[in-house]
Structure formats: C-alpha cells, structure tokens
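Enquirer: Protein chains in written order, with this note's numbering: chain Y, 4 to 461; chain P, 1061 to 1370. In this text, a Cβ means the ideal position worked out from N, Cα and C, and glycines have one as well.
1) For residue 338/Y and residue 1222/P, what's the separation of their Cα atoms in angstroms?
2) Would you kindly work out how many angstroms separate the C-alpha atoms of residue 1303/P and residue 1354/P, rounded to a whole number?
3) Just verifying my parser: in three-state terms, what is the DSSP assignment at residue 1123/P?
4) Given that a residue counts as buried once 16 or more other Cβ atoms are within 10 Å of its Cβ, and exposed if not, what is residue 146/Y?
5) Chain P beta carbons: is any one of them nearer than 8 Å to that of residue 126/Y?
6) Can you round the beta-carbon distance between residue 1168/P and residue 1252/P to whole angstroms, since I take them to be within the 8 Å contact cut?
7) Is there a Cβ from chain Y that is less than 8 Å from the Cβ of residue 1274/P?
8) I'd like to know whether the C-beta atoms of residue 1346/P and residue 1329/P end up nearer to each other than 8 Å.
9) Tell me, please, which residues DSSP counts as bridged to residue 320/Y.
10) For the stretch 217 to 227 of chain Y against the stretch 351 to 359 of chain Y, do three or more pairs of beta-carbon atoms, one drawn from each stretch, fall closer than 8 Å, so that the two count as touching?
11) For residue 1060/P, collect the residues of the same chain with a Cβ closer than 8 Å to its Cβ; drop the 5 residues on either side in sequence, then sort them by chain order.
12) Give a yes or no on whether the C-beta atoms belonging to residue 250/Y and residue 420/Y are separated by under 8 Å.
13) Assign residue 1097/P to buried or exposed, taking buried as 16 or more other Cβ atoms, counted over all protein chains shown, within 10 Å of its Cβ.
14) What separation, rounded to the nearest whole angstrom, lies between the Cα atoms of residue 393/Y and residue 286/Y?
15) Mind checking who residue 300/Y pairs with in its DSSP beta bridge?
16) Do you know how far the Cα of residue 256/Y is from the Cα of residue 158/Y?
17) Between 91/Y, 77/Y, 78/Y and 85/Y, which lies nearest to residue 360/Y when the distance is taken from Cα to Cα?
18) Got a sec, what are the start and stop residues for the alpha helix (DSSP H) residue 127/Y sits in?
19) In terms of residues, what are the limits of the beta strand (DSSP E) holding residue 177/Y?
20) Could you pull the start and end residues of the alpha helix (DSSP H) that residue 347/Y belongs to?
21) Could you tell me which residues DSSP pairs with residue 385/Y in its beta bridges?
22) Which residues in the same chain have their Cβ closer than 6 Å to the Cβ of residue 138/Y, if we skip the five residues on either side of it in sequence?
23) Quick check: residue 433/Y and residue 300/Y, are their CB atoms within less than 8 Å of each other?
24) With burial defined as no fewer than 16 other Cβ atoms inside 10 Å of the residue's Cβ, what is the status of residue 100/Y: buried or exposed?
25) Can you give me the Cβ contacts of residue 1344/P inside the same chain, cut-off strictly under 7 Å, excluding the 5 residues immediately before and after it?
26) Keeping to the same chain, check which residues put their C-beta closer than 7 Å to that of residue 403/Y; ignore five residues upstream and five downstream.
27) Are the beta-carbon atoms belonging to residue 184/Y and residue 345/Y less than 8 Å from one another?
28) Got a sec, what are the start and stop residues for the alpha helix (DSSP H) residue 1191/P sits in?
29) Report the neighbours of residue 427/Y on chain P: residues whose CB is nearer than 7 Å to its CB, in chain order.
30) Going by DSSP, which residues form a beta bridge with residue 1117/P?
31) Is residue 1353/P close to chain Y? Criterion is C-beta to C-beta, closer than 8 Å.
32) Comparing the C-beta of residue 282/Y with each C-beta of chain P, is any distance below 8 Å?
33) In three-state terms, what does DSSP make of residue 1232/P?
34) For residue 226/Y, return the contacting residues in chain A, with the cut-off set at a CB-CB distance below 9 Å.
35) Does DSSP put residue 414/Y in a helix, in a strand, or in coil?
36) Of the residues 414/Y, 441/Y and 429/Y, which one's Cα is nearest the Cα of residue 131/Y?
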C-alpha cells in the first residue's frame, strides 16, 4: 500500500516542487505513514467481510460495512480520534484506516496532498482555507450528509461549512474561543474584578503594573498569535462584517477604519509584555507567564490550556471575553472561535469505493456521541453538535460554551479567513508594526494593500 | 573528453584510423552518456523549469493549462511590494561575510592549534567536531533553549530574565541574526576544523623544518609556506563556506520560520512554494535570484582554480 502511494505521489511532488527542485529539495513525508489503526474485527458484525483493508475487488457489496481512509493531523489528538473511530466501528462494522502524518508537514503540503492520492476523509478547518480548496475542486461536497445532520447544528455552523458554491464541505467537530485567560487565585488574592469595558480593563492593567505583574502576557514567536489580536481589535472597532470584508479583499487596508483598529490596539500596547521579548517567546511560554503568576492575563485561544499540564493549575484558570472598546459594535461582541472539522477529498483514489462508508463516518463525527467521545480527553475544546452530551463538561468547557453562545458573530481566525499566501505575509506585517507602532501608518497600510493587490486575488 | 569528441565527430573516412575500438566507444558512450543524462534531467531540466516558471503565475493546483505567463511581474513585485525580499538578500550576504571572514578563519585557527599535538588534542577535536554531527535543525532547537527569554540558560545565568531587563536574543530583530550566526558558526567551525586538520596532516614536515631553519617565524611559516601548499584545501574550504552560507535554511526555519529579522532567500522560496496556498512562479523567481547569487562566487573560484595550476 505504502509503495503505490509513494509512487503515485511522485507526479504531484514533481509538479509542486518543480519551481524549486533545482535549488531546494523537500521531502514528501505525508505519503509515508499509513497505519492500519483499525480496531479488532471482533466487535463488528461477523456476517460482513470486516477484513476490509485488502479491499476485496471481486465482491464489492455495497451493503457490506467496508472501510474508510482517514488522515488525522491535529497534533496530540490522534489517540482521541482513534477512540472515536473504535466506537464508530463497534456500531457500524466499518473500519477506519488511519493515516497520521506530521501536522505541520501535512499543512505545508496540503496542496500536493489534495491533488495527489489523498485519503477519503481528513481533519481540517473551517473558513476561507476550506472554501479555497473547495473552489479548486479538490473537495467532495457532502450535501447529502448535511441534509441528515442539519438539525444538529446551528445556522452559524452551517454557514461556516458552506463553500462559495453554496454546497457543504465540512463537518464541524469542535471549536474554542479566543478569550482573556487568567488565574482565579491571582484575581481573588489581589481583589481584581473582571473588566468589561476599555476603561475598567486599563484600570485593571494599571493596578497589575503597580502590583508588579505584566498585565497582558504576549508571545509571538509562532507568528500567528498576533493575528488573533488584530482580529479582536478590528472586530471590536469596525464590526464583524467589515472584518470579513477586509479579509476577503472587499474592504481596503488603506481604509481609515483599518487604521482605527490599529490605533485602538496601540492604545493597549503599554499593557502588553515587552514586544521584543514576546517575539522570542512561544505561545506555551506565554501561558507559562500566567501560570507562574508573573503576568496577570493572556489573550489567547482556550487551547492554551493544553500547555498547562498541572491539573490543579488548569482548574485555577478561567477566562472572560475581550472587553468592549466603546464603539458602535460593543453589543455585537464578535470573537474568533475557530472550528475544526472534517473534509472529504475529491481526488481520493478509493473514494468511489468507500463513499458510503466515508459518509457514514462523517455522519457519525457530526453526532453528539462522536464528539463527546473525543472531548472526554480534551477539556480545552467544546463540541459543535447540538446533541453533544455537555453534562461531562468541566467548568472550563462550560465557560467556553457560554462565551461562544453569547457572541453575536464568530470569525474563524485571520489565517483561516483570508487567502493563505496573504495570511503568511500578514504575520510579518504585524510583527513589523508591533516592533514599531509609531511608524507612518499611511505608508504601512499601503504596503499591505500593495502586497494584497500583487497577489491578483479575484 | 577529447577522445569522446573525436569519436562523436569523426567522419566516416577517418574512422579506420581511430585509436578506439568499437567496444571502447560503447564503454565511453555509456560511461559519459548515463551520468550526462542523469545530470541533465536532475540538475539542468529543473533549473531551466525554475527559470521558466519564474515568468509565470501558478497556484500549484491543476495542470499546465492553469499556468499563466506574466513576464517579469514576479521580479518586479519581489523588488517593490514584497517586504521580506531586500532584508533576506541582505541577511544572506551578512551570513556569507560572517562565515567567510569569522567562522572559517576560526575553524582554520583551531585546526592549526590542534595540529601542534597539544595535550588532549583528540578530546578537543571531538568536542569541536561534535556540533557538525547534528543537523542545523537540531542545532536550532538546542540554541532556542539557550536563548529562550524567560526560561533560557543564557538569560538565567546573566540574570536578565525578568520583564524589565530581558534580553530577547531571538525576538529582537536587531539581535537575532547575530544570535543565530553564533549557533550556525558553532557548527561550521568544527566542520572547517576537521577538513583543514586533515589537510595539515598531509603537509610534508620537511617544508616546515626548512622554513624554521631559514629563520621564519611561526606566523611566517604558516602564511608563506603552509597556506600556499594547502591551496587545494583552501579552495574546498571556501567553496564549502559559500555553499553552507547560501543554503542556510533549517536553523532559522525552526526558530521562527525565517521572519522578524531572520529572513533568508531560501526561506522565502519555501514560504511561497510550500504552505496552504502556493505561488510557484513567485517562489521560483526568488529561487532564480538565489541561483544567480550562488553562481557568482562559485564560478569565480572554479575559474580561478583552473587558471593557475597548483
């Protein structure tokens, strides 16, 4: 199996890499590691041919359970996904064949992967970065799955799963909000209260400074954390719709409203940890500042909790929505709450054979049962399905669900909401600005707009 | 070479005078032809493809029909609206200069010292060579732990790990290139040391003795006698240094994906070609610039080394 995959992907690798092949060589690791992580057939109905991995070509009975190939690429979540697959197999007899490539490599080579010999189904994310591949014809629509699961999702999730052509391509699985994280014990000790407005946020920041704390921990060595900060300031100042338009290129970076978002951000920079220090810090080190009580708060996705291994400290973590900034969009309370979910790859060579099994698998992943099984091991996320059993939620998850529920609009995150090439460069633009927020904004914003224009995005 | 040209271009009339038998010709054709075909398909075809692609716009999806010819647009965009290009070019040149004038001379100096058969020379050799065994990516990881602002070894020892007096070795864009160059040189010095040491071991000791008898000082002996004798090694060392500095990539990529003061041309090529959205044409254009820069010094050295026979 591994041989055919490697051989078939040679063409795509050549195609994709031809540009640089003379000067750089990049290994294609993705195709290497298909592992049959399917559970033992004992749990499955004995009548059906469950030894599906060899995919008996002669029989091909459509009624038989069959198997589905699945690329699991969320770092650290493979075991939890395997647990979900086991439950699915016990229920339906369909085997899920796992492929577990390295997440970073996978995401870097997604273009070659989807064009080569992808698995039937794969883990991915909502937003522009899903619609982009759908538009290129690399994803298979799952409208019929959606027609059965529709009642299990809110309209917002359906919209986030829909491509530009109006068809659905994604099964939302879990999401997590970007919030201000703090330690309950620190707030209790110092008598801090949760700020809801800009003024109270600044007052709290001043108090923290007086107490020797860095008000807002910040870490941007991973590049993308700054995107979350831009998102929240842009949405609070200009509203969700403007933000989405800007991401799609319908609004201009040179628009004075964009500058207003940066101005609001600049106003709060004095409460941030030192920028040059932050540029050398990973996001895990960022949350550590809060854990070690050297910083009071940390604006981040709740998955920051995955870096907190001490359960006592994890229980001490809490968070609140980013405060309002006193603009017309205060009541909207838009936040970033990226959705992770599943896709079906159009170019999968086995899809024709596996399509029924793949649909059954996706349908199961859309069920509360499947999502609950996954979240048992992941208290840093919340399920997307309505019928997910939330009784097992820890306090951390309950608060997440509350915040997502009260948000008037939900964005995915800058790098999921805009053109991928642009998003990569945007990281550098944001770093340039953070290093020198006093720079000529007209020139700075024009350089962003010029770059966008040079990409020739329709 | 000359023989094969004769064989290929020989007129029918002259064939009977050829010194080569039919078997010789077949052997030659196979021995030269196979490597030539491999070389052309694996080196020249991709290089020419890169150059052609650099004149196009293509997102890497679909076949040839999706590739659009855009002339020199990529080059114009690169120079005008692509902010990381000029810094990357500058950083590549700084890298080259630091390697050529600091790291390589230190490596040579170490080799000369170790050649003196000082006590514990084997230990020093292994210690200095050890970093070279590690890949640059691993070196990047190791040095990140050293440089980490709050939790790193260096700042902890210096007592500069609190928010007010922090030194951000990798986060400060005026500092991080130098911090990375220290890490990269750490590896490069060992490499050059070993190559040079091997060369020094091969120098006829009679030369050294003669120089000493003639009254040359230690420095004079090295500069006037040893260095010229080691000419072939010097060329190898210089070419290696240039190649090592131009192919620098992994270390900055693991640190922060080559941004915020660590931009390098090789990173920009990757950034544009890999990733969730690719610009194959644009990435190729940067690759062509890197190719031109690499060709300059290498051609210079190759021609010089052929010009003056040692």
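Expert: Well, looking at it:
1) For residue 338/Y and residue 1222/P, the distance between alpha carbons rounds to 32 Å.
2) 8 Å
3) coil
4) exposed
5) no
6) 6 Å
7) no
8) yes
9) Note: residue 320/Y is bridge-paired with 186/Y in the DSSP secondary-structure output.
10) no
11) Since the first residue of chain P shown is 1061 and the last is 1370, residue 1060/P is not available in this structure.
12) Cβ atoms of residue 250/Y and residue 420/Y: closer than 8 Å.
13) exposed
14) 28 Å
15) 185/Y and 219/Y
16) 30 Å
17) 91/Y
18) Here residue 127/Y belongs to no alpha helix (DSSP H); instead the beta strand (DSSP E) covers 124 to 128.
19) Per DSSP, residue 177/Y belongs to the beta strand (DSSP E) from 174 to 178.
20) No alpha helix (DSSP H) holds residue 347/Y; the beta strand (DSSP E) holding it covers 342 to 347.
21) 178/Y
22) 167
23) no
24) buried
25) 1110, 1113 and 1114
26) 179, 180, 305 and 385
27) no
28) 1181 to 1193
29) 1331 and 1335
30) 1128/P
31) no
32) yes
33) coil
34) Absent here is chain A; the protein component of the structure consists of chains Y and P.
35) strand
36) 414/Y
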